[in-house]
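Data block below; observations after.
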Amino acid sequence: MIVQVLFLYLFMVVFRLVFFLFFFKTTVTGSAPILKAWSLGLKFDMRLALILGVPILLTAFIARNHFFTKGAIRRPLFVYLFVVYLVMTFGYVFDLGHYAYLGLRMDPTVTRFLAYGERADNARMLWQSYPVVRTLIGIGLFLFLITIQFTRSYYRMGKEPAVKLGNWKYTGWLASMVILFAAGIYANIAYFPLRWSQAMFTKDNGVTSLALNPVLYYVSNMSVQKDSYDIPKTKEFYPVMADYLKVDRPDVDKLDFVRSIPGRDGKKMNVVLVMLESTGAAVTSMYNNPMMPTPNMKQLADSGILFNNFFVPAISTARTVYGVTTGLPDITLTKTASRHPQMVDQRVVMDQFQGYEKLYLLGGNTNWANIRAVFTNNVEGIRIFEEGYYKAPKADVWGVSDFDLITEADEIFRDANKRQKPFVAFLQLADNHPPYTTTKGRGDFRKVTEKDIDMEKFKKAGFVSIEQFNAIRYEDYNVGHLMELAKKGGYLDNTIFIMFGDHNCTLNPYHFMPTPEYELISGGVHAACFIYCPALVKPQVVNYAVSLVDIYPTMAKLAGVSFKNYTLGQDMLDTTLTNRYAFATYLKNLQTHISLIGQRYQYEINTYTQKSFLYDMQGDPLKDVKQQYPDTAKALDNLTRAFYESTRYLMFNNKK
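Using our numbering, the final residue of the sequence shown is 725, and nothing's skipped along the way.
The structure is reproduced here in C-alpha cells:
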C-alpha cells in the first residue's frame, strides 16, 4: 500500500514537472512565489495520493493475512489501480490541453464541449489541432508500464516471508497508518485543513495554476449554482442603471430599460459587422504590437474610427455572438446563454432594421453553441448562410476558409446591391483559431518562419507560436480581400463596416500596451474595434471605454435607423455620455470577477469572496487605491452591481 501511494505521488509530481517546464508562464518576478506554489502543489498531490490510497489501506487491514493469497482480493485491487491510473492520466492530459488552449485549469464548464449537436465539431477541432493518435499511443504505453509496475510489485512482495504480528503490534500499525493518512490528507499545520483557496496567494493565474492539483480543483468546482435572477436586487440597483443608460421613463416597479432612438430620412446605408476571431487589441498593428501583423486593419482604422478601449464582456466566441446580438453580456455560470432556452428569446436591434435584408454568414455550422436560435428566434426574415451552401470545400472543423467565406459573401452582397436592397450582415470569421488553417488566398499569401522574422521582437509581441502569428496575418490578409471585393462590387461607398474582435487569444506575457493589461487580466477582454465608412465618418480615435453590447445601437444610429433599445448597449459615438465604462467578467486567480473598465479606472469584485479592488491607470495601475478614492469606489461598486443584476434580470425578462 505504501509503495502504491508513493507511485501515485510520483505520477502527479511528474505531471506537475511537465506543466512547469512546458506550459507554465507568469509575470511574477522572483523565485519565492514559484517555490511557494511548488510547495503547496506537492501538498495537494500528497493529499490526492493518500485519498486514492485509502481503499488499498482499508483492504489491507480488513483482509490482513489474505491480502496476498486470495484472488478475490487481488483482482479487484488490480482493476481499481488500473481505473485510477486510466482516469488520472486522461484527466491530466486533458487538463494540460485545456490549459494550452485557454490558459486555465480545467473545471466542470468543460462539459460545454460535450453539448448535444456540438460534440462532432469539437472532436474534429481536437483532431486537427493536436496529435491525437500519438497521444493515445503514448497513454496506452504509459498505462501498460504502470500495470506492469503494480502487478509485479504485488507478486514480488507476496513472495516475501510472512511476518506474524500480535494484536498490539497490529493495533500499533493500524493507528500509525490512520494518523499518517489523516495528517497527510489534512496537509496543514493550522486550525483548518489545506484548501484550494490557499493556492491563490497571488493575482497571477500561472502561479495559482502551478499550485493547484487539477483533479482536486476540478472536483472542488463540481458544485455550481444555477443561473437565475434576483428581483429585489435588480430593483435596488435599477435607479443607478436607469440613470447611467438615460432610460426614457424610469420605473422601478416595471423595470423599464427602454430608450427610443429616432431615425433619419435619406438613402439607407448597408451595414456589415465583421467578427474577427481571437483578435485582441494587443495582437494588432493599431495598438503597436512590435510585429505589426495587421497592416490592412491599421490602414482602415487610420481612415475610420478606432476605439482604443473596446472591451467584450467575456472570453468566449459564443458569449460574444450572443452579447453583440442581444445587447446583454453573457454572464451565465457554466454553459453559455445561447445554450439556455430561457435566455435565447430577446428583443434585439438587428430585428428593427426595417426594409433591410438581414444576413448571417458563418463558414461552419450554426448549430454550434445553438447560435442558430439566437438569430432565427429573434430576427424575423434573417437569411443564414452556413456550410452546405458554399461552393468551396471545408478547410477544417470550422468550415470553409475565411478567404472562401469572404469571396462567396461578396457575391451575396453584390446581388443585394444590384437589386438596390440595403442589407445588414453579420460576417463571422474563424481561421484565427486552432488549428490555424491558412490558404494561399489569391495565391500570394505566404506563411513566415522563424528565419523570416526578428525573433527578439517576436518574443516581446506575446505570440505563443509562429502558427498563431501567421493566423492573425492571414486574417488581416482576408480583411484586405474583403475591402478589395467591396470596392470592385460597387457597395464600398454605401456600406458601414465595423470590425471587432470577439476576445483576445492566449498570449505570452507582453508589456508594450499603455497599461499592464496582461497582469490586470483585462487584456483577455480588450479587443480590436474600428469603423470604416469613408462616405460617412472622418478619421477619429475614441479613447473612452466602449463595450461589445454598444455595437448595434451605434450601427443603427449611424445608418439612420429608428429603433428601441431594450437592453444595455449605448451609442459608442455619443459624446454627451460621460464617465463611460465597459462591463466584463473574467477569471483572475481562477476565481470569477465582475468588473467595470474605464479610461482611467478599473473596478472589480471577486464574486467568491466579495472583495473589491480599484485600480487607477493614471497612477500605479497594479495598486489597489480603493481606500484613497472611497467615493469613486462606492460609485463604481454600485454601477458594477447594477450592470450585473440588470443583466441577470434582462436575460430572462426581455422577451419579444
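A virtual CB, placed ideally from N, CA and C, is assigned to each residue, including glycine.
Owing to the predicted nature of the structure, the values given are computational and were not obtained by experimental measurement.
For Asn236, which of helix, strand or coil comes out of DSSP?
In the structure shown, Asn236 sits in a helix (DSSP, three-state: H, G or I).
Completely contained beta strand (DSSP E) runs for the segment 307-367, where each covers 3 or more residues:
The segment 307-367 is shown to contain whole beta strand (DSSP E) runs of 3 or more residues at 328-330 and 339-345, in chain order.
Buried or exposed: Pro603, going by 16 or more other Cβ atoms within 10 Å of its Cβ?
Exposed is the call here.
For the alpha helix (DSSP H) that Asn436 lies in, which residues bound it at each end?
No residue range can be given for Asn436, since it is assigned to no alpha helix (DSSP H) and is classified by DSSP as neither H nor E.
Assigned secondary structure, Ala597 (DSSP; H/G/I helix, E/B strand, else coil):
DSSP places Ala597 in coil when its eight states are reduced to three.
Determine, using beta carbons only, whether Ile374 comes closer than 9 Å to chain B.
In summary, chain B is missing from the structure at hand, where a single protein chain is found.
Have a look at Met582 and Phe472 and give me their C-alpha separation to the nearest angstrom.
Straight across, the Cα-Cα distance linking Met582 with Phe472 is about 30 Å.
Sequence-distant residues of its chain with Cβ nearer than 6 Å to Thr386 (five each side left out)
Once the five neighbours on either side are set aside, the close Cβ partners of Thr386 are Asp571.
Roughly how many angstroms separate the alpha carbons of Val309 and Met175, rounded to a whole number?
Cα to Cα, the separation comes out at about 36 Å.
Looking only at its own chain, which residues have a Cβ that is under 6 Å from the Cβ of Tyr255, when we skip the five neighbours before and after it?
Setting aside the 5 residues that flank it on each side, Tyr255 is surrounded in the same chain by Pro262, each with a C-beta closer than 6 Å to its C-beta; the list follows chain order.
Cβ atoms of Leu642 and Lys374: under 9 Å apart, would you say?
The residue asked about is misnamed: residue 374 is Ile in this sequence, not Lys. Closer than 9 Å, so yes.
For Met568, the first and last residue of its enclosing beta strand (DSSP E)
Bounds of the beta strand (DSSP E) holding Met568 are Thr564 to Gly570.
Report yes if the C-beta distance between Thr216 and Phe136 is below 9 Å; otherwise report no.
In this structure, Thr216 keeps its C-beta atom at 9 Å or more from the C-beta atom of Phe136.
Measuring CB to CB, does Ala596 end up less than 9 Å from Phe379?
The answer is yes: Cβ separation under 9 Å.
Element boundaries [alpha helix (DSSP H), containing Asn707]
Counting along the chain, the alpha helix (DSSP H) containing Asn707 begins and ends at Pro699 to Asn722.
Nonlocal neighbours in the same chain, by C-beta distance under 6 Å from Met344, ignoring five residues either side:
A distance below 6 Å between beta-carbons, with the five flanking residues on each side excluded, links Met344 to the following residues of its chain, in chain order: Gln497 and Asp571.
Phe88 versus Glu346, Thr647, Gly110 and Ile71, residue with shortest Cα-Cα distance:
Taking only the C-alpha atoms, the option nearest Phe88 is Gly110.
Please specify which runs of the beta strand (DSSP E), each continuous and at least 3 residues long, are wholly inside the segment 147-180, giving them in chain order.
Qualifying beta strand (DSSP E) stretches: none in this window.
What is the DSSP secondary structure of Phe250, counted as helix, strand or coil?
Correct three-state label for Phe250: helix.
Whole-angstrom distance between Ala141 and Lys228, CA atom to CA atom
The alpha-carbon separation between Lys228 and Ala141 amounts to approximately 18 Å.
Helix, strand or coil at Leu656 according to DSSP, with G and I counted as helix
If DSSP states are grouped into helix, strand and coil, Leu656 belongs with the strands.
Please classify Thr216: does DSSP put it in a helix, a strand, or coil?
DSSP places Thr216 in the helix class (H, G or I) of the three-state scheme.
Residues in the same chain with beta-carbon distance under 6 Å from Val548, minus the five sequence neighbours each way, listed in chain order, please.
Closer than 6 Å at the Cβ level, and outside the excluded window around Val548, lie Asn365 and Met366.
Taking the CB atoms as reference points, tell me whether Thr95 and Gly275 lie closer together than 9 Å.
It is a contact, given that the beta carbons lie within the stated cut-off.
Inter-residue CB distance, Asn439 and Glu455 (contact presumed, cutoff 8 Å):
In fact, because the Cβ distance is near 13 Å, the residues do not count as touching under 8 Å.
Buried/exposed call for Arg318, threshold 16 Cβ in 10 Å
Residue environment analysis places Arg318 among the exposed positions, since fewer than 16 neighbouring C-beta atoms fall within 10 angstroms of its C-beta.
Look at Tyr655 and Val594 and say whether their C-beta atoms are less than 9 Å apart.
Closer than 9 Å, so yes.
Give me the residue from Val413, Leu719, Asp545 and Asn723 with the minimum Cα distance to Thr303.
Nearest C-alpha to Thr303: Leu719.
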